[in-house]
Amino acid sequence: MSQEPSRYNIKETEAKWQRIWDERRSFEAREDSAREKYYVMEMFPYPSGRIHMGHVRNYTLGDVVARYKRARGFNVLHPMGWDSFGLPAENAAIENKVPPAKWTRENIAAMRDQLKSMGLSIDWTRELSTCEPEYYKHGQAIFLDFLEQDLAYRRESWVNWDPVENSVLANEQVIDGRGWRTGAIVEKRLLSQWFLKITEYSDALLEGLGALERWPDKVRLMQRNWIGRSEGARVFFSLSGREDRLEVFTTRPDTLFGASFCAVAANHPLAQELAATDPKLAGFIAECNRMSTSEEAIETAEKQGYRTTVTAAHPFVAGRELPVYVANFVLMEYGTGAIFGCPAHDQRDLDFARKYDLDVTPVVAPRDADPAAFAVGDTAFVEDGVLINSDFLDGLGVADAKRKAIDTLAAQGDGALSITYRLRDWGISRQRYWGCPIPVIHCPDCGAVPVPRADLPVHLPEDVSFDKPGNPLAHHPTWKHVPCPDCGAAAERETDTCDTFFDSSWYFMRYCSPNAADTVFERDAADYWMPVDQYIGGVEHAVLHLLYSRFFTRALKRCGHIGVDEPFDGLFTQGMVCHETYRDPDGNWLFPDQVRDGADGGAVDAATGAPVRRGRAEKMSKSKKNVVDPEAIIESYGADTARLYMLSDSPPDRDLEWTVSGIDATWRYVNRLWRLFVTPPGAVAPRDAAQPADLGGAASSALRDIHRTIADVSSDLDRFHFNKAVARIRELTNGLGDLKGDADDIAWVRRVGLDTAARLIGPIMPHLAEELWQHLGHETPLVDTPWPEFDPALIAEETVTMAVQVNGKLRGTVELAPDTPSEAAEQAALALEAVQNLLDGKPPRKVIVVPKKVINVVA
RNA sequence: GCGGGCGUGGCGGAACUGGUAGACGCAAGGGACUUAAAAUCCCUCGGCCGGAAGGCCAUCCGGGUUCGAGUCCCGGCGCCCGCACCA
């Protein structure tokens, strides 16, 4: 007579526990210097309107860490906020005639409810939103601090202009010559812009990477490459008929004797000056500026140059004059915007020299080559070798020659050792409305005047019109017209707003005291919580957001706001959530629920039965329609099932493929767990039952498994091996399901096992775990129950199974005590029949014993 | 072009510093229960030979180091990612 197990009611149970945690204020964090803090956060979302599976994965990972650390006794801070300025709100305003502020706030409300349905252990009292004056007021104060510290400045600059966004893009936002959001070909324009001096921290940011041991190597490497430090030399070339000298950066000063020309960028001052009196040069420069910087364009673009009338004197060879070109392949933004060309040892210079018939003299020869016969054809020789044709450098290796060339240049006053970075200052001006106003007023007499701190915030007006293209702030009737704070004359506000990466570069510090009205953040709170112990998010921010945040933290330290250099002690980059793609015969994308399995393993359109082409799993994206809505999943399977699925099978740093069979299987396990607790396969001892004096074999082995599982799951969670932690928990609960009988020792160990299982699944499936914990008779909620401890004595194996190999091939196993001496193990192995047969009566040549692992007999 | 990563059953993935390859799960097949289906439960599941015991082969391919290699080294092939006219 089996009793019908009561069904696990997801909706009621999840809502119930969310309410209880809320009432108990379980996740509100308070500074407490007596307790060890743990600050864990995930990258805050852009409020697009609905959460997607990437969010579910991100916040599940963070929540497992937060709840686990909490159970381990840490004082955990786990906050949430909204990266709420940005372009989509403006697009929505233009398309749907809804004000950006309203659209954004409604989206936040909707997404907050969705996130809450996941049962995240977040301190919602610290919620912040970057588009609210309470937040951006302090961003503006930071900008003023940066101005005072000389970390922000204004200059005319060639910028990346996105013609669709009608705005400037940072270099980091240009991908393959296209805008990172719009995909439009980026043009070059000269505009007056605000910049932050991130380059002042090039070396600090580079060196700081070394200490970030809990960051993925890949991200550190990407930042290292992005900063792009190269050592070389500055060389000054005297110019014919001019007073000034041409300053060139090179990493190959050793090849100076092979120089056959100099070249400057189209926007180099020298080129600009010469163009004023040379219309043909002006035309050439205009052409260069039109040239796209896309990958295809660069690959196919020919090296082109315009030979000026100026020549440059070789610093080492008296009387040798090098022609000076304006060339399309020289970048104004890197180095000094000018190069010397050594065609024999640089492929670009070689291509250029061949086209314009310039001299190609090798000055470095391979060590095994005959120097007299060595010549360069179509491929430049860029490896190490021996210097030739180079006067006082002849015979040296490249490294030595570099040093000697620089020393000589320095002694002559014609150059110096120099380090150049790829990293450039961060242009933050955006010709957009929905962003943090830059707190500056432009006065015709006083210039750019900072808004006095007492006048902050500079409110972003919400009564704007999107009827005209461009920035609505610029056509607002009243907003920009203000008196100059210095002289009182009629002046105009800066109508540019900040890049949204400005807002996200310090929000993790604001979380420490999100309601501080008069300071950027409270120093004590920031000192307690910072740095973030664990930050979790996508790799797509490996350079942009993470580098800016590291810069901000250093800059804010300089401004006296914070004491740390690095914001994120640990970083984890999660993989993407993927799904198969589907297209109909016309090539149109189909949503997964528009497709069903066809007869022969193929896919067909669920409505029409027409064949559907199944594509490989790719990152879920609206454009390819391969998306699954988390809300629908939580609605039908519950948050716990969705969370468990995010953690099972795929390691968190790899991509995860969403499948129906996967979520169904997870759901079946959730129900199996429920049944295991509600209708266990035998008696469960009372909560406070003492351990029986004698445990039988089954009970004692089950107890070992329980303790082993605690040890394994703990170390798996510590190391972000969540998929393995889930596997260990499944093994434990499978074992508990197989443990049959009502004997006292079995009932007792079953109690221990169920208690332990509930606690171990707590961080992963918090609602179910609470419910099961309560079902087991516990009055204190699991959320306030510490993580289980394991007994090291029980972890130690009673016996070990050692592999017995003959010549490295497995031939059997022997069960031995872990401390069996090697000689005894050897005897046990040699006694095996299989080993005897292979030895064929002869003595073994050698026996290798690796304690607890393997005995290898060499026949 | 430069830099980095990865390659294990039909699939996702385990295998800590070289030591019993394939944990855990998905899919598949067989069976039980059911009028039937779903759910649930039991069994099989890398390949080949064999009735079985067992044997041989097997971690992208080819070499090497080692008593022993998925793991280390050298050389290929393939896939993925980042940067890119950076002087």
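With our numbering, letter number 263 in the first sequence gets 263, and the count goes up by one each step, no holes.
Beta carbons are placed, not taken as given, at the ideal position from N, Cα and C, and that holds for glycine.
- Closest Cα partner of Arg234 within the set Val219, Thr573, Thr250: Thr250
- Whose C-beta lies closer than 7 Å to the C-beta of Gly741 among residues of the same chain, with five residues either side of it excluded? Gly682
- Query: Is it true that the stretch 614 to 632 meets the stretch 575 to 589, where meeting means three or more beta-carbon pairs spaced less than 8 Å apart?
  - Reply: yes
- Message: Is the separation between the beta-carbon of Pro483 and that of Ala474 shorter than 8 Å?
- Response: no
- Message: For a test of the three-state rule: what should DSSP assign to Leu358, helix, strand or coil?
- Response: coil
- Is the CB-CB distance between Ala313 and Ser418 below 8 Å? no
- Message: Within a Cβ cutoff of 6 Å, which residues of the same chain sit near Arg252, ignoring the five residues on either side of it in sequence?
- Response: none
- Residues near Ala639 by beta carbon distance below 7 Å, same chain, minus five either side: Glu14, Ser117, Met118, Gly119, His767
- Task: Could you work out which residue in Glu631, Cys436, Glu815, Asn328 is closest to Phe501 when comparing CA atoms only?
- Result: Cys436
- Task: With a 10 Å radius around its C-beta and 16 neighbouring C-beta atoms as the bar for buried, classify Ile633 as buried or exposed.
- Result: buried
- If we count the other Cβ atoms within 10 Å of its Cβ and call it buried at 16 or more, is Ser715 buried or exposed? exposed
- Query: When burial is assigned at 16 or more other CB atoms within 10 Å of the CB, is Glu231 buried or exposed?
  - Reply: exposed
- Item | Residue nearest to Thr709 in terms of C-alpha spacing, selected from Trp506, Pro788, Ile198, Glu200 | Pro788
- Item | Spatial distance of Asp784 from Trp82 (CA atoms) | 29 Å
- Tell me whether Trp17 sits in a helix, a strand or coil according to DSSP, three-state version. helix
- Task: Grab me the residues of Thr733's own chain with a C-beta within less than 8 Å of its C-beta, minus the 5 sequence neighbours each way, in chain order.
- Result: Arg672, Leu673, Leu676, Ala757
- Message: Among the candidates Cys559, Thr780, Ser465, Lys853, whose CA atom is the shortest distance from the CA of Glu95?
- Response: Ser465
- Message: I'd like to know if the stretch 344 to 363 and the stretch 272 to 279 are in contact, where contact means that at least 3 CB-CB pairs between them fall below 8 Å.
- Response: no
- Measure the C-alpha to C-alpha separation of Leu169 and Val159 and round it to an integer number of angstroms. 7 Å
- Go to Lys37, then tell me how far its beta strand (DSSP E) extends in each direction, as first and last residue. 37 to 42
- What are the complete alpha helix (DSSP H) segments, minimum 4 residues, inside the stretch 532 to 576? 544 to 558
- Under the DSSP definition of a beta bridge, which residues are partnered with Arg583? Trp589, Arg613
- Message: In whole angstroms, give me the CA-to-CA distance for Ala110 and Asp524.
- Response: 34 Å
- Message: Let me check one thing: in DSSP terms, what residues is Tyr325 bridge-paired to?
- Response: Ala263, Arg307
- Return the chain-ordered list of same chain residues with a C-beta closer than 7 Å to the C-beta of Gly228, the five sequence neighbours on each side being excluded. Tyr421, Arg422, Leu423
- Task: Flag this pair as yes or no: are the beta carbons of Gly62 and Ile536 separated by less than 8 Å?
- Result: yes
- Item | Proximal residues to Pro818 (C-beta, below 6 Å), its chain only, five neighbours per side dropped | Glu797, Val800, Lys852
- Task: Consult DSSP for Asn225 and reduce its assignment to one of helix, strand or coil.
- Result: helix
- Message: Taking only three categories from DSSP, how would you classify Glu522?
- Response: coil
- Query: Should the stretch 649 to 667 be called in touch with the stretch 66 to 80, which here means at least 3 C-beta pairs below 8 Å?
  - Reply: no
- Close-in-space but distant-in-sequence residues of the same chain around Pro216 (CB under 7 Å, 5 per side omitted): Leu571, Thr573
- Message: If I follow the unbroken beta strand (DSSP E) through Glu247, where does it start and stop?
- Response: 245 to 250
- Please determine, among Ile20, His545, Tyr8, the residue with the shortest C-alpha to C-alpha distance to Pro781. Ile20
- In angstroms with no decimal places, state the Cα-to-Cα distance between Val386 and Pro371. 9 Å
- For Asn160, the residue or residues it bridges with in DSSP: Leu169, Lys188
- Run through DSSP, which three-state label would Tyr421 get? strand
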